[in-house]
Amino acid sequence: MRPSLTRESLAFSLPIVGELLLMSLLSMVTLSLVGHLGARELSSVGLSAQPVAISLAFFQSISIGATALIARSVGAGRLDQARQVVVQALYLAVAMGLILGVPAWIFARPLVGALGAQADTLDSAAMYMRYMALGMVFQALPTAVTSILRGAGDSRTPMVYNIITNGVNLVLSLVLIHGFFGLPRLGLMGAALGTTLAKMVNTLLAIRALFSGKNPIAIKLSEIRGLNRGIIHRILRVGVSSAAEALAMRVGFLFYSRIIADLGTLSFAAHQIILSTTSFGSNLVQGLSAGAASLTGRSLGAENPGLARGYTRSLARVGLGASLAMGLVFFFWGGEVARLFTEDPGVISLTGRVLRIAALITLPQNFLAVLSGALRGAGDTRWPLVAALTGMISARIGLSFVFVLVFRWGLEGAWLAALADQSIRALVILGRYRGGRWQSMEV
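Residues in the sequence shown are numbered from 1 upward in steps of one, following the UniProt record's numbering.
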C-alpha cells in the first residue's frame, strides 16, 4: 500500500470525522440547555426527533445519488456534466424539503399526538414540530450541498460551514432560551427559533460555498436552467435504495429499543450509556464511509478501479486500527468508562459487562462502513440495503427476541444480537465487494 494513498484518504476523510465529532458535541450541549428547562420541554424535543430523522432519510436519497454522479463526472474530467447534476440536486432538495415540511407544519399537532405526546406536552411538542417543519427546506439544501462538495473532492468547506452553523445554533439557543441582552425569555420556543435560524444561516453559507469560484464545480446563475428529468432520474435511481436503507434501519431500531426498554430502567440506562460511549465510533464510521464513497466515485470516473480499491484498503486499515484501539478501551476499562456517566453500582457493573460485547462490534462495524461507502460511491446502493435488511430482521430483531425474551439473557443478549447483525451485514457486503461488479456499474 502506497503511503500516499493513506495520506490522501485521511486528508479527505478526517475533516468529515472532525466535523461530525464537533457537531455531535455542540448538539449535546444545545440539548442540555433544553434539558435544564424541564422534562416537558425535553420530551417535546424528543417527540420531533423521529419525524426529523425520517426526513433526513429522504434527504439522503438526494445526497448519495448526487455524490455518486458528481464524483464520477469529476473523476472523468466532465465538469460541465457535474454542474448539471448540481443544479438538479438543488431542485430536488427544495422539492423534498417542501413535500415533507408543509404537511409536517399543517399536521404537527396530530403528528406528535400519534407519536405519544401526552396532554401536558402536546401543545409544546406541536409548537416545536412546526419550527422543525419550517426548517426542513433549510436542512435539505445544505445537506445536498455538502454531498455535492464532497463528491467533488472538497470535505473541508462543509466542515467549516457546518461547525459554524452548530456554533450559531448554540449561541442563538442560549440567548433566546434565557432572554439575554434584553431579549424576551422564550424557553423552548427560543430553542426552536434558534435551531431554525441556524439552519437558515447554514443554507446561506452552503450556497455561498457552492457559488464560490474556489471549487471546480462552482456554478453561475446563468447555468441554472430548467428541470432535467434524465439527471433527476439518475440521482434518484442511485439514491432511493439508500433512503430505503435508512428508513429500514430507523424502523428496526424502534423495535430493538422497545425490546430493551422492556428489560427495565437499569438495563435501559446502561444501554443509553453504551450508545453514548460508542457514539465516537459512529462518527468515525460515517466519516470513513463518506470518504470511501467520494474517493471510489472519482476513481471510477477516471477509469481507475485499481485506485478505488487502493483507497478502500487504506481506509479499511485505518478503521481496523481505530477499532482495535476503541475495542481495547471498552473491553478492559468498560467499568471506568461507565463511572463517567453514573454512580449507580448496578448500572456500572452491567455497562462494563456489555461494553465487552460492544468492543467486538467495532471490528465488523468499521469494516462494513468502509466497504458500504465504496459501493455507494460506485452507485451500487442496492446491496447495502439488502445487507441492512438481512442483518436487521434476522439478527438484531430476530435474535434479540430469542436472546432477550426466550433465553432471558438480558441486555447482554440484545447486544449479542447487535454483534450478529453487524457481522452478517459485513459478510454480505464483503461478498458483494469481492465480486467486483461495482467496478463496472453505470450511474
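Glycine included, every Cβ here is placed at the ideal spot set by N, Cα and C.
Test item: CB-CB of residue i and residue j under 8 Å
{"i": "residue 74", "j": "residue 126", "result": "no"}
{"i": "residue 202", "j": "residue 154", "result": "no"}
{"i": "residue 374", "j": "residue 269", "result": "no"}
{"i": "residue 438", "j": "residue 378", "result": "yes"}
{"i": "residue 384", "j": "residue 429", "result": "yes"}
{"i": "residue 59", "j": "residue 140", "result": "yes"}
{"i": "residue 426", "j": "residue 389", "result": "no"}
{"i": "residue 400", "j": "residue 207", "result": "no"}
{"i": "residue 308", "j": "residue 299", "result": "yes"}
{"i": "residue 45", "j": "residue 101", "result": "no"}
{"i": "residue 166", "j": "residue 194", "result": "no"}
{"i": "residue 370", "j": "residue 312", "result": "yes"}
{"i": "residue 86", "j": "residue 238", "result": "no"}
{"i": "residue 217", "j": "residue 82", "result": "yes"}
{"i": "residue 198", "j": "residue 157", "result": "no"}
{"i": "residue 347", "j": "residue 338", "result": "yes"}
{"i": "residue 287", "j": "residue 13", "result": "yes"}
{"i": "residue 129", "j": "residue 89", "result": "no"}
{"i": "residue 159", "j": "residue 15", "result": "yes"}
{"i": "residue 196", "j": "residue 131", "result": "yes"}
Cut-off 7 Å between Cβ atoms - residues of its own chain near residue i, not counting five sequence neighbours on either side
{"i": "residue 314", "result": "1, 5, 6, 9"}
{"i": "residue 334", "result": "351, 352, 355, 356"}
{"i": "residue 382", "result": "241"}
{"i": "residue 283", "result": "17, 20, 21, 24"}
{"i": "residue 420", "result": "395, 399"}
{"i": "residue 190", "result": "173, 176, 177"}
{"i": "residue 84", "result": "228, 231"}
{"i": "residue 42", "result": "34, 35"}
Spatially closest choice to residue i from the options, by CA coordinates
{"i": "residue 433", "options": "411, 296, 394", "result": "296"}
{"i": "residue 176", "options": "187, 286, 166, 167", "result": "187"}
{"i": "residue 134", "options": "108, 304, 32, 168", "result": "108"}
{"i": "residue 324", "options": "343, 366, 238, 412", "result": "366"}
{"i": "residue 376", "options": "419, 404, 243", "result": "243"}
{"i": "residue 67", "options": "96, 420, 150", "result": "150"}
{"i": "residue 171", "options": "317, 30, 402, 349", "result": "30"}
{"i": "residue 121", "options": "48, 95, 412", "result": "48"}
{"i": "residue 345", "options": "266, 254, 209, 113", "result": "266"}
{"i": "residue 233", "options": "80, 69, 328", "result": "69"}
{"i": "residue 145", "options": "364, 273, 276, 63", "result": "63"}
{"i": "residue 302", "options": "15, 65, 79", "result": "79"}
{"i": "residue 273", "options": "343, 219, 184, 247", "result": "343"}
Spatial neighbours of residue i in its chain, beta-carbon cut-off 6 Å, leaving aside the 5 residues before and after
{"i": "residue 281", "result": "326, 362"}
{"i": "residue 331", "result": "356, 359"}
{"i": "residue 205", "result": "161"}
{"i": "residue 435", "result": "none"}
{"i": "residue 26", "result": "166, 170"}
Own chain, CB closer than 8 Å to residue i, minus 5 neighbours either side, in chain order
{"i": "residue 321", "result": "none"}
{"i": "residue 380", "result": "432, 437, 438, 441"}
{"i": "residue 249", "result": "388, 392"}
{"i": "residue 409", "result": "403, 416"}
For residue i, three-class secondary structure by DSSP
{"i": "residue 327", "result": "helix"}
{"i": "residue 36", "result": "coil"}
{"i": "residue 124", "result": "helix"}
{"i": "residue 409", "result": "coil"}
{"i": "residue 417", "result": "helix"}
{"i": "residue 212", "result": "coil"}
{"i": "residue 228", "result": "coil"}
{"i": "residue 103", "result": "helix"}
{"i": "residue 118", "result": "coil"}
{"i": "residue 217", "result": "coil"}
{"i": "residue 30", "result": "helix"}
{"i": "residue 443", "result": "coil"}
Going residue by residue through the segment 220-277, where are the continuous alpha helix (DSSP H) segments of at least 4 residues, counting only ones entirely within it? Entirely contained in the segment 220-277, the alpha helix (DSSP H) runs reaching 4 residues are, in chain order, 229-261, 265-277.
Which ranges would you report for the alpha helix (DSSP H) in the segment 155-206 if only whole runs of at least 4 residues count? Listed in chain order, they are 156-178.
Jot down the residue ranges of each uninterrupted beta strand (DSSP E) in the segment 63-90, minimum 3 residues, whole runs only, in chain order. Complete beta strand (DSSP E) runs here, min 3: none at all.
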